[in-house]
Every structure is written in C-alpha cells, then in structure tokens.
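Structure first, then comments.
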Amino acid sequence: MPLEFKVWLHSLGIIAAAYLLGSIPTGYLLMRFVRKQDIRTLGSGNIGATNVLRSGAKGLGAATFLFDVLKGALAVIVGARLSTVGFPPIPLHNAEALAALCAVLGHMFPIWLSLKGGKGVATAFGVFLVLVPYAALGALALFVVVFALGRYVSLASILGAAAFPLFAWLIYPWARNYLILSIICIVAGLVLVKHQQNIQRLIAGTEYRFGSKKAA
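Numbering (this note's numbering), first residue to last: 275 to 490.
Put into structure tokens, the structure is as follows:
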C-alpha cells in the first residue's frame, strides 16, 4: 500500500472521530430530554448555549456550554491518541489541529440535524484549550472584558475569535507552522461567518443585550 494512501487513511480516522464527537448536539439533546422542547423552535433557533440560556433554561444553558467545551477538548485528545495508532504516525500537533477543525465543523454542521448546528464558540474554546491553552485563555479573558463592558455575548465572541489567531501566533512558535496556523485561522473565520447576522444586528443597534427583557 503506497505511503501517501496510508497517511490519508490514517488522517481519515482522525477526521471521522473528531467530526462525530463535535457533531453531538448537546443543547438540542438537553432541551429535548429535560424540557421536552426543540431548541430550534425557540429564540434564534440556534442549538448553542446562549440560545438555551435565553429560552429560560439557565442550568441547561450552562450545561450546554460545558458539554460543548468538553466534546471539543475530547476530540483533540482523541486525535492526539489516534496520531500514533497505525503507520505512518502523524505529527502530534498536526493531528490535534486536524481534529480541532473537524470537531468545530461537526458542531456547526452536525449530520444528525441536517447540517444545521451552532456557532462553534464553546466547541472552538474546548479544542483550543487543549491545542493552545494559553491562547484560548487569552481569548476567554478578552471575551469576559468585552462582555462585562457591553453585555453583548455576540460581540464578545466575535472579538475573541478575531483576536485568537494573533494570541496563538505570539505565544506558540510551533503554531506558526503553515498547516496549524491555517487551521486556527479557518476555525476563527468560521466562527465569524456564523456570526454574520449578529454583526448586522450590532451595526443596526438591534442585537440582543444580555439582561434585556427582549431583543429590540
């Protein structure tokens, strides 16, 4: 069997495992089993933690965020373990970055929900908490500051995602590898694209502000 084919086959195992872990629709499942509701019919229709929280299920919103973070982190850990299974082995950080991308894609485009998933913020935080932890914590710190000042979850998420590649580049020299840096930028870009409607509402002044009784 040609070496190149073995590499692709090995990578395919990491891609499949990470995507399937990322595609677990935690917000949808929690709301369906605990409150007997379809989160897609409430609020913005998003399956992420913010919409679950806005539906009035504060505990489930927190649980959704936690589980989305954990599934992202687990996907990268599994990717790292799979990197040494089979031949040839895949460089550790390359395997982790590939798993990170696929886990976020799984969350955003879950096969179980007709490819209509969340915006990927919590899952992206989870994958990068394993891959580049200090950069992820830096983005989280920026998120907290922006949210505390403006109380816009979307704005805090957007700025955190936009700044994250810079944090990774500054803190981790090995993350300047073309493949890894490209994946980091792609994930950040996907999060921004998923927030395009929020960006439009922020510009128009109609975005939901946390703590408001309802969106304008």
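We put the CB at the ideal spot given by N, CA and C, even for glycine. Model, not experiment: these values are computed from the prediction.
The segment 333-408 is shown to contain whole alpha helix (DSSP H) runs of 4 or more residues at 366-382 and 395-405, in chain order. Under the 10 Å beta carbon count, Lys332 is surrounded by fewer than 16 other beta carbons and is classified as exposed. Taking all protein chains shown into account, Asp342 has 16 or more neighbouring C-beta atoms within 10 Å of its C-beta and is therefore buried. Contact between Ala437 and Val465 does not hold, since their C-beta atoms are separated by about 12 Å, which reaches or exceeds 8 Å. Boundaries cannot be given for Leu316, as no alpha helix (DSSP H) includes it and DSSP labels it neither H nor E. In this structure, Ala409 and Phe441 form a Cβ contact; the two beta carbons are roughly 4 Å apart against a cut-off of 8 Å. Looking at Ile454, Leu295 and Phe307, the one whose alpha-carbon comes closest to that of Leu344 is Leu295.
In this chain, the alpha helix (DSSP H) harbouring Thr324 covers Ala323 to Arg328.
In the DSSP annotation of this structure, Phe484 is not part of any alpha helix (DSSP H), being labelled neither H nor E. Sixteen is the threshold: when 16 or more other Cβ atoms of the shown chains lie within 10 Å of the Cβ of Arg328, as they do, the residue is buried. Per the coordinates, the alpha-carbon of Phe339 lies some 20 Å from the alpha-carbon of Gly424. For Tyr293, the three-state secondary structure derived from DSSP is helix. For the set Trp448, Ala430 and Tyr446, the Cα lying nearest the Cα of Leu476 is the one of Ala430. Under the 10 Å beta carbon count, Leu286 is surrounded by fewer than 16 other beta carbons and is classified as exposed.
By the CB criterion at 8 Å, Val350 and Ala323 fall outside the cutoff.
Ranked by how close their Cα comes to the Cα of Asn472, the residues Met305, Asn320, Leu316 and Lys310 have Asn320 in first place. Each residue's CA atom was taken as its position, placing Arg309 and Gly380 some 24 Å apart. Val395 places its beta carbon 8 Å or farther from that of Ala374.
Leu356 sits buried, since 16 or more C-beta atoms from the chains shown fall within 10 Å of its C-beta.
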